[in-house]
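Keeping their order, the protein sequence lines are chains A and B.
Each number in the working numbering comes from the position in the first sequence (counting from 1) with 21 added on.
Each number in the working numbering comes from the position in the second sequence (counting from 1) with 1119 added on.
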Amino acid sequence: MIKPTLIFLLIITAGMVARAQDSRLQMSSLDHLAAKASQTVDVSLDERLTRLAARVLSDKDADEKAVKKLIEGIKGIYVKSFEFDADGQYVAADVEAIRSQLRGPGWTRLVNVTSKKEGNVEVYTLFNGDQIGGLAVLVAEDRELTIVNIVGPVDLDKLAKLEGQFGVPDLGIEQKKKNDEK
Amino acid sequence: MSDDYLWDKTGQPDPEIQQLEEILGTLRYQPKPLDVPRDLVVRRRRSYIPLLAIAASLLLALLAGGIWLRLRTHSDIPPQQALMETPKPEPPRTKSAPNPPVVVANNIKHRHRSASSAARDNEALEAKEQLLLALRVTTEKLSLVQKKTQIRNQHRVG
């Protein structure tokens, strides 16, 4: 009788571990900020919806074609952005709830710009072996808190190609990558 | 009287003690064979531990199933409409056919199918809008990262 119970518990634990290694961030702890924010952007696109969106992206339009290529293989895009009219509407614990997840295994901080006046900007990537399995951007300013989470293989080359389209600025990602390779 | 009588029944007995012994002696244990009634049914006491273990396993399985279903349905919930206003795409119109002929279909099945496909199209368009909005925010923020990194590098060089 002990054996089946142990096997069952092992299956559950394995499932939990697999979930823990997922690059999706849990951002529901920030939902309460929507009431305080003057402007909120909340986008939650899972794999199904991302595929659905890809289906209606035009192949004739160059911009949309580029987006279509970019989101190939992506399992989800989640954005939460809050803009406030006054300072101090969110607390350090709100940011820490996200940052603590980004300290988990696999995540690497690529960029961290800290400014007392302008707040913090951080970029993280999750590596599955040599491949990027997820991307997270955390912007914590006095009157703004934004978290972007892309789940799945993010092709930085494709993202670099998207720059300049849809008002996407040139990030120099491709150049940086090439320099790193050298 | 010595206490030896009370201890091991030696020595001189006390009449009061003897009297008490006689009175209480009737209640003394008297060995006799065990008289088991013939119609007595002997029942084995059941051990409930295996049953309890099975019940606990089933309960755990149900609990895990419930959690799994909840997580699954949670991830399947359509995303909340972004609060940022975005222009909704208008359905494509052709100049040659401004008023397409309305076909009255008696087939209910067909009507259901077209309704569901229209709903799916709407969902796809909404998903596209959300995707573009998400990418816009993402690239804006990445641009901000780039600007801040450049400013920091300039400060370092300066």
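We treat Cβ as the ideally placed atom computed from N, Cα and C, and that holds for glycine.
This structure is a prediction, so every number in the text was calculated from the model and none was measured.
Taking residue i as the reference, which of the options has the closest Cα?
{"i": "F105(A)", "options": "R69(A), A58(A) and A75(A)", "result": "A58(A)"}
{"i": "A55(A)", "options": "I119(A), L166(A), I171(A) and G97(A)", "result": "L166(A)"}
{"i": "D67(A)", "options": "G94(A), L51(A) and K86(A)", "result": "G94(A)"}
{"i": "Q60(A)", "options": "K137(A), S102(A) and I119(A)", "result": "S102(A)"}
{"i": "I153(A)", "options": "D84(A), K179(A), V77(A) and R120(A)", "result": "K179(A)"}
{"i": "P174(A)", "options": "N149(A), K86(A), G109(A) and D108(A)", "result": "N149(A)"}
{"i": "T135(A)", "options": "E162(A), V77(A), A87(A) and A74(A)", "result": "E162(A)"}
{"i": "D151(A)", "options": "K137(A), D52(A), T129(A) and E139(A)", "result": "T129(A)"}
{"i": "P126(A)", "options": "K90(A), Y145(A) and K81(A)", "result": "Y145(A)"}
{"i": "M48(A)", "options": "K89(A), V116(A), K96(A) and K86(A)", "result": "V116(A)"}
{"i": "I92(A)", "options": "R120(A), E139(A), A107(A) and L70(A)", "result": "L70(A)"}
Quick one: which chain B residues come within Cβ less than 8 Å of residue i?
{"i": "T167(A)", "result": "V1256 and K1260"}
{"i": "T146(A)", "result": "By Cβ distance, chain B contributes nothing, its closest Cβ being about 12 Å from T146(A), past 8 Å."}
{"i": "I92(A)", "result": "L1250"}
{"i": "S102(A)", "result": "V1256"}
{"i": "I219(A)", "result": "Examination of residue 219(A) is not possible in this model, given that chain A is present from 22 through 203 alone."}
{"i": "V88(A)", "result": "L1250, L1251 and L1254"}
Can you give the beta carbon distance from residue i to residue j, rounded, assuming they're within the 8 Å contact cut?
{"i": "L147(A)", "j": "S44(A)", "result": "4 Å"}
{"i": "V1256(B)", "j": "V142(A)", "result": "With 8 Å as the limit, V1256(B) and V142(A) do not qualify as a contact, their Cβ atoms being about 14 Å apart."}
{"i": "I168(A)", "j": "G155(A)", "result": "That belief does not hold up - the Cβ atoms of I168(A) and G155(A) are roughly 13 Å apart, past 8 Å."}
{"i": "L46(A)", "j": "Q110(A)", "result": "With 8 Å as the limit, L46(A) and Q110(A) do not qualify as a contact, their Cβ atoms being about 21 Å apart."}
What residues from chain A crowd round residue i, counting only those whose CB sits closer than 7 Å?
{"i": "R1271(B)", "result": "V134"}
{"i": "L1263(B)", "result": "V142 and V160"}
{"i": "E1140(B)", "result": "Per Cβ cutoff of 7 Å: no residues; E1140(B) is ~57 Å from chain A at best."}
{"i": "A1243(B)", "result": "L73, A74, R76 and V77"}
Determine, using beta carbons only, whether residue i and residue j come nearer to each other than 7 Å.
{"i": "V77(A)", "j": "K1267(B)", "result": "no"}
{"i": "L1250(B)", "j": "A74(A)", "result": "yes"}
{"i": "V132(A)", "j": "A1253(B)", "result": "no"}
{"i": "D1123(B)", "j": "T1129(B)", "result": "yes"}
{"i": "V88(A)", "j": "V62(A)", "result": "no"}
{"i": "A113(A)", "j": "S50(A)", "result": "no"}
So with CB distances below 9 Å, who are the chain B contacts of residue i?
{"i": "V116(A)", "result": "Those within 9 Å of V116(A) in chain B number zero; the least Cβ separation is about 15 Å."}
{"i": "I98(A)", "result": "Q1249, L1250, A1253, L1254 and T1257"}
Residues of chain A with CB under 8 Å from residue i, in chain order?
{"i": "A1246(B)", "result": "L66, L70, T71, L73, A74 and V77"}
{"i": "K1151(B)", "result": "Simply none; closest approach about 45 Å."}
{"i": "T1268(B)", "result": "V132 and V134"}
Could you name each continuous alpha helix (DSSP H) segment of 4 residues or more that falls completely within the segment 1167 to 1198 of chain B, going from the start of the chain to the end? DSSP runs (the alpha helix (DSSP H)) wholly in the segment 1167 to 1198 of chain B: 1168 to 1195.
Kindly provide the ranges of any alpha helix (DSSP H) runs that are 4 or more residues long and lie completely inside the segment 43 to 101 of chain A, ordered along the chain. Those alpha helix (DSSP H) runs which fall completely within the segment 43 to 101 of chain A and span 4+ residues are 68 to 77 and 83 to 91.
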